[in-house]
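Chemist: The structure is given below, and queries will be raised subsequently.
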Amino acid sequence: DAGVTQSPTHLIKTRGQQVTLRCSPKSGHDTVSWYQQALGQGPQFIFQYYEEEERQRGNFPDRFSGHQFPNYSSELNVNALLLGDSALYLCASSLLGLAGELYNEQFFGPGTRLTVL
Amino acid sequence: AQKVTQAQTEISVVEKEDVTLDCVYETRDTTYYLFWYKQPPSGELVFLIRRNSFDEQNEISGRYSWNFQKSTSSFNFTITASQVVDSAVYFCALSEAQGGSEKLVFGKGTKLTVNP
Numbered sequence: 001d002a003g004v005t006q007s008p009t010h011l012i013k014t015r016g017q018q019v020t021l022r023c024s025p026k027s028g029h030d031t032v033s034w035y036q037q038a039l040g041q042g043p044q045f046i047f048q049y050y051e052e053e054e055r056q057r058g059n060f061p062d063r064f065s066g067h068q069f070p071n072y073s074s075e076l077n078v079n080a081l082l083l084g085d086s087a088l089y090l091c092a093s094s095l096l097g098l099a100g101e102l103y104n105e106q107f108f109g110p111g112t113r114l115t116v117l
Numbered sequence: 118a119q120k121v122t123q124a125q126t127e128i129s130v131v132e133k134e135d136v137t138l139d140c141v142y143e144t145r146d147t148t149y150y151l152f153w154y155k156q157p158p159s160g161e162l163v164f165l166i167r168r169n170s171f172d173e174q175n176e177i178s179g180r181y182s183w184n185f186q187k188s189t190s191s192f193n194f195t196i197t198a199s200q201v202v203d204s205a206v207y208f209c210a211l212s213e214a215q216g217g218s219e220k221l222v223f224g225k226g227t228k229l230t231v232n233p
């Protein structure tokens with residue numbers, strides 16, 4: 001059973017460029033959340049997708065956008081990259097619709113390390 | 118607003134010592150969930166435990182134990198007889214339970230180094 005996978009593993013971009021990160025959820029999961037983890041900090045919630053819609057969003061500018069596909073995989077897009085966008089981007093998946101469970105454990109992927117020069 | 122504070126930035130112990138990682142949280146919700154995650158150098162967050170706000174029973178899993186005290190808004194994590202493989206960054210996190218929201222609010226983490 002494959003866990004959460006993310007691609008690419010590492011990425012180097014320059015200021016002003018655009019980047020797309022990809023995530024495939026754990027088998028059977030229908031919800032994907034994205035987090036940004038700056039060096040030495042805890043992860044910060046960017047947004048969450050369920051049924052191809054953004055369910056909730058953290059305190060991130062509109063330069064950060066996302067998409068969820070019918071197969072539940074997801075993309076995170078960041079436009080007009082800034083030096084401060086350099087971070088580890090983590091994807092987490094869970095099963096939102098599990099009957100009888102108010103909350104389900106989130107499984108995290110290995111992350112994509114983005115460096116903006 | 119929700120907030121998680123892990124006051125210990127770094128802890129260093131010698132193998133076989135017991136170590137406790139502190140976590141203090143703030144929330145206005147009456148129903149919420151608390152978590153601990155482990156992040157080894159590889160970067161992937163590994164789930165350790167989830168506790169809901171109505172269950173204050175302490176939990177033990179092998180060498181790991183957790184102490185949840187609502188009166189002090191704390192959810193501390195103890196590793197007994199630490200091992201070198203326990204070296205990692207440990208994060209405490211909080212989530213509201215309303216509407217099935219799964220947004221996790223993390224603390225800044227505690228880096229644990231276990232020396233042989």
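For the protein sequence lines, the chains are A and B, in the order given.
The first sequence lines up with residues 1 to 117 when you count with the working numbering.
The second sequence lines up with residues 118 to 233 when you count with the working numbering.
Just so you know, even glycine gets a beta-carbon here, dropped at the ideal spot from N, CA and C.
As the structure is a computational prediction, the values presented were derived from the model and not from experiment.
Since S65/A meets chain B, which of its residues come closer than 9 Å, beta carbon to beta carbon?
Modeler: Under the 9 Å cutoff, chain B gives no residues; its nearest Cβ is about 18 Å from S65/A.
Chemist: Among Q106/A, H67/A, T14/A, Q44/A, which has the Cα closest to the Cα of E54/A?
Modeler: It is H67/A whose Cα lies nearest to the Cα of E54/A.
Chemist: Would you say S7/A lies against chain B (beta-carbon separation less than 9 Å)?
Modeler: Closer than 9 Å: no.
Chemist: Would you say F185/B lies against chain A (beta-carbon separation less than 9 Å)?
Modeler: It does not: the Cβ of F185/B has no partner Cβ on chain A nearer than 9 Å.
Chemist: For Q44/A, tell me which candidate among T115/A, L96/A, E105/A, D85/A has the shortest Cα-Cα distance.
Modeler: Ranking T115/A, L96/A, E105/A, D85/A by Cα distance to Q44/A puts D85/A first.
Chemist: P43/A touches chain B at which residues, Cβ-Cβ below 8 Å?
Modeler: Under the 8 Å cutoff, chain B gives L162, F208, L221, F223.
Chemist: Which residue wins for smallest C-alpha separation from S93/A, given the options P61/A, S27/A, A38/A?
Modeler: S93/A has its Cα closest to that of S27/A, out of P61/A, S27/A, A38/A.
Chemist: Using a Cβ cut-off of 7 Å, which residues of the region 133 to 156 of chain B contact any Cβ in chain A, in chain order?
Modeler: Listed in sequence order: Y150.
Chemist: Mind pulling the beta strand (DSSP E) runs of 3 or more residues that sit fully within the region 134 to 165 of chain B?
Modeler: With a minimum length of 3 residues, the continuous beta strand (DSSP E) runs that stay inside the region 134 to 165 of chain B are 136 to 138, 141 to 143, 149 to 156.
Chemist: Can S191/B and Y142/B be called in contact, C-beta distance under 9 Å?
Modeler: Yes.
Chemist: Just to check my reading of the structure: T149/B and S182/B have Cβ atoms closer than 8 Å, yes? What is that Cβ distance to the nearest angstrom?
Modeler: One detail in the question is off: residue 149/B reads as Tyr in this sequence, not Thr. With a Cβ gap of about 21 Å, Y149/B and S182/B do not count as contacting.
Chemist: So, for S33/A: in the same chain, excluding its five sequence neighbours on each side, which residues have a beta-carbon less than 6 Å away from its beta-carbon?
Modeler: If we look at S33/A and ignore the five residues flanking it on each side, its Cβ neighbours are Q48, A92.
Chemist: Three-state secondary structure (DSSP) at L83/A?
Modeler: In this structure, L83/A counts as helix in the three-state DSSP scheme.
Chemist: Using the beta-carbon of each residue, which ones in chain A are nearer than 8 Å to S159/B?
Modeler: Those within 8 Å of S159/B in chain A are P110.
Chemist: Along the chain, where does the beta strand (DSSP E) containing Y72/A start, and where does it finish?
Modeler: Taken as a continuous stretch (DSSP letters only), Y72/A belongs to no beta strand (DSSP E), as it is neither H nor E.
Chemist: Using a Cβ-Cβ cutoff of 8 Å, what residues of the region 164 to 182 of chain B are near chain A? List them in chain order.
Modeler: Within the region 164 to 182 of chain B, the qualifying residues are F164, R167, N169.
Chemist: Mind listing the chain B neighbours of Q106/A? Cutoff is C-beta to C-beta under 8 Å, in chain order.
Modeler: Ordered by position in chain B, the residues that pass the 8 Å Cβ test against Q106/A are F164, E219, L221.
Chemist: Indicate whether L118/A and Q17/A have their beta-carbon atoms separated by less than 9 Å.
Modeler: Not covered by the structure: residue 118/A. The range shown for chain A is 1 to 117.
Chemist: Using the C-alpha atoms, what's the distance from T147/B back to L114/A?
Modeler: Those two C-alpha atoms are separated by around 37 Å.
Chemist: On the CB-based measure, 16 or more other CB atoms within 10 Å of its CB, does T14/A come out buried or exposed?
Modeler: Burial call: exposed.
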